[in-house]
Amino acid sequence: MARAAISVVMLCLFAATVIAEDPYVYYTWNVSYGTISPFGAPKQAILINDQFPGPEINCSSNNNIVVNVFNNLDEPLLFTWHGIQHRKNSWQEGTPGTMCPILPGTNFTYKFQVKDQIGTYFYYPSLGLHRTAGGIGGLRIFSRLLIPVPYPDPEAEHWFLIGDYYAKSHTALKQILDNGGSLGMPNGVLINGENVKHLHGDNKPQFTMKPGKTYKLRICNVGSKDSLNFRIQGHPMTLVETEGSHTVQNAYESLDVHVGQCFTVLITANQEPREYAVIASTRFTPYILEGKAIISYEGAKKHASLFLPLAPITWFWSLNQFRTFRWNLTASAARPNPQGSYHYGQINITRTIKIVNSVARDDSGKLRYAINGVSHVDPETPLKLAQYYGVADKVFQYNLISDSPDEYINKITVAPNVLNATFRDFVEIVFENPTVSVQSYNLDGYSFFLVGMEEGRWSPDKRESYNLLDAVSRHTVQVFPNSWSAILLTFDNAGMWNLRSENAENRYLGQQMYVSVLSPEKSLRDEYNLPLTQQVCGIVKDMPVPAPVYH
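Right under this line is the structure:
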């Protein structure tokens, strides 16, 4: 009898364990304007809790993240979580296609789960040109304790948020674009919101190292336009992770970090104890802008050498570096969903979508950027809300673009750009870039396999060059001038997902779109219903809330 009672108790404890939620992590953000002066001249910036860059989000795989955002600006605000997949929950994606903005003087609480993810990410404000003003911070996801990482624990870890910088305010930059102009050259490059002017000045180091110890660095290009080369004087970097995937651990003297991309590296303090320079400089541009920072050894008395390592020159060097990035298939870590899709080379492609970027003037002479000839504009009613309320036909039209567009489309249609995708299709997306500038794209809601990248135009025979074994699973892709890049993914995450240029000017002027992935079974296993706390706006504001769509 006692044994039976013990068994019942154990079963109850087991059931309680099974249904228990994953841990919660809570943050409160007060977003306000402030003044920064990294190059001397003051500029209005967006601060979070009076910080620039903003506070770190620190969590572990499968944690639930709750961020209560108070908007103290005089304009609407949204935050997006760059690289977070939001499984079944595009409601929290934080883009104007899925959410109503947080109005001035109000607050909104984001709630999302970092399901089956690890690695280095960042967040930023997604409306207008807010990202050029700040509101950016790091988001790191540790592996759960039961899942080891494929390298020893470092002594410590540190962020390097790098990016180009415009001295004009975001409102002034917006006015330039609204008047038909272009943003032009940035004013400089920042590292963690700062720039060291004189290496032999009284500089505060980013961090101090103990001789013989190894340190982890999380590097993200959070800028608005330019690819950057990142390097550390006298210290090669061992790449261990990028965008949620452990990599084969190759050593690099420098890394090209394209806009929106993140890398995690290890460095070992095995050099002469002194100060060393950290450099981030622009790539593929007629100008060279350089940001600098200092790291130091404990007790160091000597300044950094004035002889700085140089950046590589051609984009072919960058292409060859990309080819050395390989997924670490032996590491224990979160795998992309659906589980098993890491055998992506054995899955049949069901659809090929070609994405071609172009730039032209609209009928009024205003500069516009486009994907497959459609330059996206955000309607007053978020696309996802219009779809959920059953009034999509009053807000946007599906499939304005073709899967196989011409190489370069001069005529541009200005409209919401929404492409329908079939749930669980295994899709090939080919990005073609016929322009002379490097492009960088991010796809929300997914990780994909970046399997190929070459100069010239894509054709089906290029598949023979694909890496179908150990391509890195990631969420951004660069496309070099007059070149193509190819990705493979399963559209298994139901929702409305933003595919966008990471170039702020291109994105603002239309080089983005949304992919609608609907669950045919209307099952809660595939997508969540409209959250009770979700804000509504536009034409659905005063409409009765629909009965739950998913069951």
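Read left to right, the sequence shown gives residues -20 to -1, 1 to 531 (mature numbering (1 follows the signal peptide of the UniProt record, and there is no 0)).
Glycine is no exception: its CB is placed at the ideal position from the N, C-alpha and C atoms.
With fewer than 16 other Cβ atoms from the protein chains shown falling within 10 Å of its own Cβ, Arg341 counts as exposed. Remark: C-beta atoms of Arg111 and Ser207 do not approach each other more closely than 8 Å.
The Cβ atoms of Glu408 and Ala466 lie closer than 8 Å to each other.
Every beta strand (DSSP E) stretch that sits fully inside the region 268 to 305 and reaches 3 residues is listed by chain position as 270 to 277. With 16 or more other CB atoms across the displayed protein chains lying within 10 angstroms of its CB, Tyr368 is buried. When DSSP assignments are scanned along the region 138 to 183, the uninterrupted stretches of alpha helix (DSSP H) that are 4 or more residues long and fall wholly within it turn out to be 150 to 158.
If you look at Tyr488, you'll find it isn't in any beta strand (DSSP E); it sits in the alpha helix (DSSP H) that goes 484 to 488.
Around Thr60, the same chain offers Gly74, Thr75, Ser106 as residues with beta carbons nearer than 6 Å, after the five sequence neighbours per side are excluded. Thr402 sits in a strand when the DSSP states are folded into three classes. By the criterion of at least three beta-carbon pairs nearer than 8 Å, the region 90 to 105 is in contact with the region 44 to 51. The region 218 to 232 and the region 241 to 258 touch, with no fewer than 3 CB-CB distances between them shorter than 8 Å. Counting other Cβ atoms within 10 Å of its Cβ, His180 stays below 16 and is therefore classed as exposed. Taking a contact as a CB-CB distance under 8 Å, the pair Asn175 and Pro18 counts as one, their CB atoms being some 5 Å apart.
In the three-state DSSP reduction, Ser338 falls in the strand class (E or B).
Under the DSSP definition of a beta bridge, Gly114 partners with Ile26. The straight-line gap separating the alpha-carbon atoms of Leu288 and Lys272 is approximately 10 Å. Closest in C-alpha terms to Val129, from the list Ser41, Lys148, Ser162, comes Ser41.
Straight-line spacing of the CA atoms in Leu235 and Ile142 works out to 12 Å.
A residue is called buried when at least 16 other Cβ atoms come within 10 angstroms of its Cβ; His531 does not meet this threshold and is exposed. With contacts defined by Cβ atoms closer than 8 Å, Leu125 and Ile37 do not form a contacting pair. Judged by DSSP in its simplified three-state form, Leu58 adopts coil rather than helix or strand. Per the DSSP secondary-structure output, Leu119 pairs in a beta bridge with Ile37, Tyr101.
Apart from the 5 residues on each side of it in sequence, Thr248 sits with its Cβ closer than 6 Å to the Cβ of Thr194 in its chain, given in chain order. Bounds of any beta strand (DSSP E) do not take in Gln186, whose DSSP letter is neither H nor E. If you look at Ala366, you'll find it in the alpha helix (DSSP H) that goes 363 to 368.
Contact between the region 382 to 400 and the region 297 to 312 is absent: fewer than 3 CB-CB pairs across the two stretches fall below 8 Å. Taken through DSSP and simplified to helix, strand or coil, Ala372 comes out as helix. Around the beta carbon of His455, a 10 Å sphere encloses 16 or more other beta carbons of the protein chains shown; the residue is thus reported as buried. The Cβ atoms of Thr78 and Lys364 lie closer than 8 Å to each other. Gly370 is the residue among Asn413, Arg303, Gly370, Val418 whose C-alpha sits nearest the C-alpha of Ala527. Arg487 is the residue among Ser503, Met493, Pro524, Arg487 whose C-alpha sits nearest the C-alpha of Ser162. Judged by pairs of C-beta atoms under 8 Å, the region 460 to 478 touches the region 289 to 299, as three or more such pairs exist.
Looking at the DSSP output, Ala350 sits in a beta bridge with Ser338. With the rule of 3 Cβ pairs closer than 8 Å, the region 62 to 70 does not count as touching the region 22 to 29.
Exposed is the label assigned to Tyr4, since fewer than 16 other Cβ atoms lie within 10 Å of its Cβ.
Nearest to Ile82 by alpha-carbon distance, out of Asn51, Ala372, Ser355, is Asn51.
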